[in-house]
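Colleague: Protein chains in written order, with numbering that gives the first Met the number 0: chain C, 0 to 305; chain D, 0 to 292.
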Amino acid sequence: MSDHAVQPYLREEFEGDEIGEAVVGDVERRLSVWERISNIDAVRKFSVLITLVVAWELYSRIGDINELMFPTFSATGTALYSALVYEGLMTNVWNSLSLLLMGYAIGVGIAAVLVVFGVWTRFGSDLLTTLTAMLNPLPAIALLPMAMLWFGLGPAAIVFTLLHSIIWPVALNTHSGFMGVSETQRMVGRNYGLRGLPYIYKILIPAAFPSILTGLRIGWAFAWRTLIAAELVFGGQVADTSGQLGAEGGNAGGLGWIIFQNQMENQTPYVFAGLFAVILVGIILENGIFRNIEDRTIRRWGMQVA
Amino acid sequence: MTDTTTDIYIRPEFEVSKLETATNVDVERRLSLIERISNINAVRKFTILLGLVAIWEIYTRIGDVEPLLFPTFSDSAVVLWETLLSGLMLEKVWVSLYVLVLGYIAGVVLAAAFLVFAVMSRIGSDFLSTMTAMFQPLPAISLLPLAMLWFGLGVPSLVFVTIHSVLWAVALSTHTGFMQVSETLRMVGRNYGLRGIPYVFMILVPAAFASILTGLKVGWAFAWRTLIGAELVFGAASGEGGLGWMIYEKGDNLDTPYVFAALFAVIVIGLIVENLIFRNVEISTVQKWGMQR
Chain C
0 MSDHAVQPYL REEFEGDEIG EAVVGDVERR LSVWERISNI DAVRKFSVLI
50 TLVVAWELYS RIGDINELMF PTFSATGTAL YSALVYEGLM TNVWNSLSLL
100 LMGYAIGVGI AAVLVVFGVW TRFGSDLLTT LTAMLNPLPA IALLPMAMLW
150 FGLGPAAIVF TLLHSIIWPV ALNTHSGFMG VSETQRMVGR NYGLRGLPYI
200 YKILIPAAFP SILTGLRIGW AFAWRTLIAA ELVFGGQVAD TSGQLGAEGG
250 NAGGLGWIIF QNQMENQTPY VFAGLFAVIL VGIILENGIF RNIEDRTIRR
300 WGMQVA
Chain D
0 MTDTTTDIYI RPEFEVSKLE TATNVDVERR LSLIERISNI NAVRKFTILL
50 GLVAIWEIYT RIGDVEPLLF PTFSDSAVVL WETLLSGLML EKVWVSLYVL
100 VLGYIAGVVL AAAFLVFAVM SRIGSDFLST MTAMFQPLPA ISLLPLAMLW
150 FGLGVPSLVF VTIHSVLWAV ALSTHTGFMQ VSETLRMVGR NYGLRGIPYV
200 FMILVPAAFA SILTGLKVGW AFAWRTLIGA ELVFGAASGE GGLGWMIYEK
250 GDNLDTPYVF AALFAVIVIG LIVENLIFRN VEISTVQKWG MQR
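1) Residues of chain C with a CB under 7 Å from the CB of D/GLU273: which are they?
2) Can you tell me which of the three DSSP states D/ARG43 falls into?
3) Is the distance from the Cβ of C/HIS174 to the Cβ of C/GLY117 below 8 Å?
4) For D/ARG224, tell me which candidate among D/SER210, D/ASP254, D/VAL265 has the shortest Cα-Cα distance.
5) Quick one: Cα of C/GLY252 to Cα of C/LEU67, how far?
6) What is the rounded straight-line gap between the Cα of D/TRP93 and the Cα of D/GLY241?
7) To the nearest angstrom, report how far apart C/SER241 and D/PHE45 are at their CA atoms.
8) Report the residues of the segment 127-156 of chain C with a CB closer than 9 Å to any CB of chain D, ordered along the chain.
9) Flag this pair as yes or no: are the beta carbons of C/ILE199 and C/ARG185 separated by less than 8 Å?
10) Would you identify the three-state DSSP class for C/GLY249, choosing helix, strand or coil?
11) Buried or exposed for C/GLN6, please, with buried defined as at least 16 other CB atoms from any protein chain shown within 10 angstroms of its CB.
12) Would you verify that the beta carbon of D/THR129 is, or is not, closer than 8 Å to some beta carbon of chain C?
13) Answer yes or no: do D/VAL154 and D/VAL98 have a C-beta to C-beta separation smaller than 8 Å?
14) Can you check which of these residues, C/ALA156, C/GLN303, C/PRO168, C/PHE177, is closest to C/VAL232 by C-alpha distance?
15) From D/LEU89 to D/LEU83, what does the alpha carbon distance come to, in whole angstroms?
16) Taking Cβ positions, are C/VAL270 and C/ILE227 nearer each other than 8 Å?
17) Where in the segment 84-172 of chain C do unbroken runs of the alpha helix (DSSP H), each at least 4 residues long, occur, reported from the N-terminal end onward?
18) Could you give the first and the last residue of the continuous alpha helix (DSSP H) run that contains D/GLY8?
19) In chain order, what residues of the same chain lie with their CB nearer than 6 Å to the CB of C/ILE217, ignoring the 5 residues before and after it?
20) Is C/ARG75 helix, strand or coil by DSSP?
21) Any idea if D/MET245 is buried or exposed, counting beta-carbon neighbours within 10 angstroms, 16 or more meaning buried?
22) I need the DSSP call for D/GLN179, collapsed to helix, strand or coil.
23) For the segment 93-179 of chain D, which segments carrying the alpha helix (DSSP H) assignment without a break, of at least 4 residues, lie completely within its bounds, in sequence order?
24) Over what stretch of residues does the alpha helix (DSSP H) that includes D/GLU248 continue unbroken?
25) Distance, Cα to Cα, C/GLY248 vs D/ARG278?
26) Please list the partners that C/GLU285 has in chain D, where partner means a Cβ-to-Cβ separation under 7 Å.
27) Going by DSSP in three states, C/GLY242 sits in which element: helix, strand or coil?
28) Along the chain, where does the alpha helix (DSSP H) containing C/GLU11 start, and where does it finish?
29) Could you please tell me which residues of the segment 79-108 of chain D, in chain order, have their CB closer than 7 Å to any CB of chain C?
30) For C/SER59, count neighbouring Cβ atoms within 10 angstroms of its own Cβ and tell me buried if that reaches 16, exposed if not.
31) At a CB-CB cut-off below 9 Å, which residues of chain C make contact with D/LYS17?
32) Rounded to a whole number of angstroms, what is the C-alpha to C-alpha distance between D/ASP74 and D/PHE259?
33) Which residues in chain C sit within 7 Å of D/ASP356, going by Cβ to Cβ distance?
34) Whose Cβ in chain D lies nearer than 9 Å to the Cβ of C/PHE221?
Here you go:
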């Protein structure tokens, strides 16, 4: 045994050279103006944005680029301005948004009925899970050709596809949120004698609000994408049959339609202007509305930290 | 002090009248066969599925429904079987999946490049968050008209929009995941002397894997929807393509059983990717590691 004993390595004693005077730098120092400015998040992000715009402008001006393929930023800006002021881009935005809102409201209503039914009975719960499992993976836009057959070229077909894109994610998330409500909270509700709808509104909905909100957000994201795609397909359908636009004629189409039409007419700056409008609407809805709801509910209630 | 003492109500003593013997009830009883069968989840759901199919079949047969507008279930199923046998369906599925996989991989690789850049420098992080804030709310499909202008009608345009739909969703979710990795884990990594790419792959990626997976799932959902939508638009602009194009073309020609068969195929692919692929990745990573129940 003693053979295997580990011999500790003993370091020899030594004495260091004399240590010189330490050079102490600034222990505390105010940041320079430059550093302080570049510490502001908004400033940095804004300068990234400006750099991108300048790069775009320079690339499209100096590079040998066909104006029709890739317009300059300034041309796009001018197009956006003139579209807003003279060509009623706001009408197109409103056309898209009103369809979206209609579809969203009806879709959330239907999802609510399905979920209430799903909470009450085991059969309802089974029906809901089977339907969502089947239909959630189906992109709503794939139903557009059938919707066009059933409802014709028009708002009804678009609203039908929108409904489909909203109902399943909202129902799925709300239902799984309800399933995850802790037994303690359920028992509190039953203790107060709550049953049926009051039980859902007073216990299940507040407790499952984070998942409900997630469902609403996913539903909105899918609906917005579906709407733009549906309007593009409509544009294609009309160009295909070279028929009249009917109810969608004149300035009646939405944003997707504007993008498609301007591309067909080689008005590329206007295509970019349409894209800007789509981005703006998205940012406003996402950050203005959903962010606010989140701040006022789940963040205030301490259910979500970040 | 004694004035303030409250009188306590004292319940008078009482004696209960004689209890009767309890009538004999089943304390324990085997469930009947029907109860046991209906307690099996799969059986109930399968019954519902059968019920829905039966309703569809009966509605389209008995109701005065134009078969061109709404085919019976049996017609759709027969067409699905025939197209599967003749290989037409598999060909269409292959065309769609090929574009999807190409776009998905390119999108994820691009997102990874952006993220490595973002982790290593503050300017990269600012760049990434500005770009995702700009492009995340933009439906990728709205870039299709431009893509058609730049790349012409064909696979490159489809891949371009698919990349777009994957890239920002994955980048956003992964970036937030990286931001939330705890300081302790980061310090462990730095303690081992990890920097740059090894730091990202050995510390940040495993720690933020739950968000990365969410991002990949959202990216897949957007990509699949975008691809089908893009193929529909292509159909309108007379190109050719996979499942989306088949849906569009057959819908246009009033071959509605084919449309429904294609819709079935779309659903099946969605189910396979979500429940087989992502579910298994989840089970063998975040669930095994105890990050998600």
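Here a beta-carbon is modelled for each residue, glycine too, at the ideal position from N, C-alpha and C.
Note that the structure is a prediction, hence the values are computed from the model and not measured.
Modeller: Put simply:
1) If you number the second sequence from 1, residue 273 of chain D lands on position 274. In chain order: PRO136.
2) Within the second sequence, residue 43 of chain D is the residue found at index 44, counting from 1. The answer is helix: DSSP assigns D/ARG43 an H, G or I state.
3) For the purposes of this step, residue 174 of chain C is taken as residue 175 along the first sequence, with counting starting at 1. For the purposes of this step, residue 117 of chain C is taken as residue 118 along the first sequence, with counting starting at 1. In contact: C/HIS174 and C/GLY117 (Cβ atoms closer than 8 Å).
4) One-based indexing of the second sequence puts residue 224 of chain D at position 225. Looking at the Cα atoms, D/VAL265 is the closest of the given residues.
5) Stepping through the first sequence from its first residue, residue 252 of chain C is reached at position 253. Stepping through the first sequence from its first residue, residue 67 of chain C is reached at position 68. The alpha-carbon atoms of C/GLY252 and C/LEU67 are separated by roughly 23 Å.
6) Walking along the second sequence from the start, residue 93 of chain D turns up at place 94. Walking along the second sequence from the start, residue 241 of chain D turns up at place 242. So the two alpha carbons sit approximately 7 Å from each other.
7) Locating residue 241 of chain C in the first sequence gives position 242, counting from the first residue. Locating residue 45 of chain D in the second sequence gives position 46, counting from the first residue. Per-residue confidence for C/SER241 stands at a pLDDT of 40, beneath the threshold of 50, marking its modelled position as unreliable; the derived number appears in the next sentence. Between C/SER241 and D/PHE45, the C-alpha separation is close to 46 Å.
8) THR128, THR129, LEU130, ALA132, MET133, LEU134, ASN135, PRO136, LEU137, PRO138, ALA139, ILE140, ALA141, LEU142, LEU143, PRO144, MET145, MET147, LEU148, TRP149
9) Here residue 199 of chain C refers to the residue found at position 200 of the first sequence. Here residue 185 of chain C refers to the residue found at position 186 of the first sequence. The answer is no: Cβ separation not under 8 Å.
10) If you number the first sequence from 1, residue 249 of chain C lands on position 250. Bear in mind that the predicted position of C/GLY249 carries a pLDDT of just 46, short of 50, making it too unreliable to give a figure here.
11) Within the first sequence, residue 6 of chain C is the residue found at index 7, counting from 1. Looking at its Cβ environment, which holds fewer than 16 other Cβ atoms inside 10 Å, C/GLN6 is exposed.
12) For the purposes of this step, residue 129 of chain D is taken as the residue at position 130 of the second sequence. It does: the Cβ of D/THR129 has a partner Cβ on chain C nearer than 8 Å.
13) In the second sequence, residue 154 of chain D corresponds to position 155, counting from 1. In the second sequence, residue 98 of chain D corresponds to position 99, counting from 1. In contact: D/VAL154 and D/VAL98 (Cβ atoms closer than 8 Å).
14) As a position in the first sequence, residue 232 of chain C is number 233, starting the count at 1. It is C/ALA156 whose Cα lies nearest to the Cα of C/VAL232.
15) Taking the first residue of the second sequence as 1, we reach residue 89 of chain D at position 90. Taking the first residue of the second sequence as 1, we reach residue 83 of chain D at position 84. Going from the Cα of D/LEU89 to the Cα of D/LEU83 covers about 6 Å.
16) Stepping through the first sequence from its first residue, residue 270 of chain C is reached at position 271. Stepping through the first sequence from its first residue, residue 227 of chain C is reached at position 228. The answer is no: Cβ separation not under 8 Å.
17) 88-119, 121-134, 143-150
18) What you label residue 8 of chain D is simply residue 9 of the second sequence in a count that begins at 1. The amino acid occupying residue 8 of chain D in the given sequence is Tyr; Gly does not appear at that position. From DSSP, D/TYR8 is part of no alpha helix (DSSP H); its letter is neither H nor E.
19) Within the first sequence, residue 217 of chain C is the residue found at index 218, counting from 1. So the list reads PRO168, once near-sequence residues are dropped.
20) As a working mapping, residue 75 of chain C is identified with position 76 in the first sequence. In the sequence as presented, Arg is not what sits at residue 75 of chain C; that position holds Thr. Three-state result, C/THR75: helix.
21) Indexing the second sequence from 1 puts residue 245 of chain D at position 246. When all chains shown are included, D/MET245 counts as buried.
22) Indexing the second sequence from 1 puts residue 179 of chain D at position 180. Reduced to three states, the DSSP call for D/GLN179 is coil.
23) 121-134, 143-150, 154-178
24) By 1-based counting over the second sequence, the position of residue 248 of chain D is 249. 242-251 is the span of the alpha helix (DSSP H), which, as asked, contains D/GLU248.
25) If you number the first sequence from 1, residue 248 of chain C lands on position 249. If you number the second sequence from 1, residue 278 of chain D lands on position 279. With a pLDDT of 44 at C/GLY248, under the threshold of 50, the modelled position of this residue cannot be trusted, and the question is left open.
26) Position 286 of the first sequence, counted from the first residue, corresponds to residue 285 of chain C. By Cβ distance, chain D contributes PRO136.
27) Counted from its first residue, the first sequence places residue 242 of chain C at position 243. Annotation note: pLDDT 39 at C/GLY242 (below 50); position unreliable, coordinate value reported separately. Coil.
28) Along the first sequence, read from residue 1 onward, the residue named residue 11 of chain C stands at position 12. Counting along the chain, C/GLU11 falls outside any alpha helix (DSSP H), and DSSP gives it neither H nor E.
29) none
30) The residue labelled residue 59 of chain C in the question sits at position 60 within the first sequence. Buried.
31) Residue numbering aside, residue 17 of chain D sits at position 18 when the second sequence is read from its first letter. Per Cβ cutoff of 9 Å: no residues; D/LYS17 is ~34 Å from chain C at best.
32) As a working mapping, residue 74 of chain D is identified with position 75 in the second sequence. As a working mapping, residue 259 of chain D is identified with position 260 in the second sequence. Distance between the alpha carbons of D/ASP74 and D/PHE259: 9 Å.
33) Residue 356 of chain D lies beyond the range of chain D shown here (0 to 292); nothing can be said about it.
34) Here residue 221 of chain C is taken as the residue at index 222 of the first sequence, counted from 1. Residues of chain D passing the Cβ test: ALA220, PHE221, ARG224.
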